[in-house]
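Below: the structure, in structure tokens.
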Amino acid sequence: MKNEFRQIRIDNITTLYQIDMGVFFDKPNEVVSDLLEKLPVIDDLITSNLTNYTIGRLSYFDRAIIRYSIYEVKYLNTPKAIIINEAIEITKIYTDLDDEKQHKFNNRLLDNILKDF
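Just so you know, my numbering puts 94 at position 111 of the sequence shown, and the rest follows in order with no gaps.
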């Protein structure tokens, strides 16, 4: 079951990534469509928690991971501990380099953003 949920998350994150890159040509599923409607609020949360960094400097895939994680906690009421753990594991698979800094960055950012949820 855990792997099913992770695969759904990865599929939705990949769709967000493709949309951000301008290469997604299908109709997004209901969850991604709803997230896109709420994107300004989600991006404001991200931007207000970045220090000496802009949302545009995040890689497309990290931005998708963070956006989807915030959406799932804020709008789907998934427990934040589960989502932060999933985000870190997905980051380790897709965007972490050998120095392992990216998953630590995403973890700190999500901790800051989601502390009030």
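From the three backbone atoms N, C-alpha and C, an ideal C-beta is built for every residue, glycine too. Please read these numbers as outputs of a predicted model, since none were measured by experiment.
Under the three-state DSSP convention, the category D27 falls into: It is helical.
Beta-carbon gap between K43 and L18 smaller than 8 Å: The question names Lys, but residue 43 is Tyr in the sequence shown. Cβ atoms of Y43 and L18: not closer than 8 Å.
Proximity below 8 Å, CB of Y101 to CB of I25: What is shown of the chain runs -16 to 100, which leaves residue 101 out entirely.
Nearest to P11 (by Cα), restricted to the options N(-5), F88 and I67: Selection N(-5), F88 and I67 evaluated against P11 yields N(-5) as nearest (Cα-Cα).
Backbone CA spacing between I(-7) and K84 [nearest angstrom]: A straight line joining the alpha-carbon of I(-7) with that of K84 spans about 20 Å.
Buried versus exposed, by CB contacts within 10 Å (16 or more), E20: Classification of E20: exposed, given that the 10 Å Cβ count is below 16.
4 or more residues per run - each alpha helix (DSSP H) lying fully within the stretch 29 to 75: Taking only runs of at least 4 residues, the alpha helix (DSSP H) segments lying wholly in the stretch 29 to 75 are 43 to 59.
Beta-carbon proximity list for K63, same chain, < 7 Å, skipping 5 on both sides: Counting only residues of its own chain and dropping the five nearest sequence neighbours on each side, K63 has a CB closer than 7 Å to the CB of V56, L97 and F100.
Under 8 Å between C-beta atoms of D3 and A70: In this structure, the beta-carbon distance from D3 to A70 does not fall below 8 Å.
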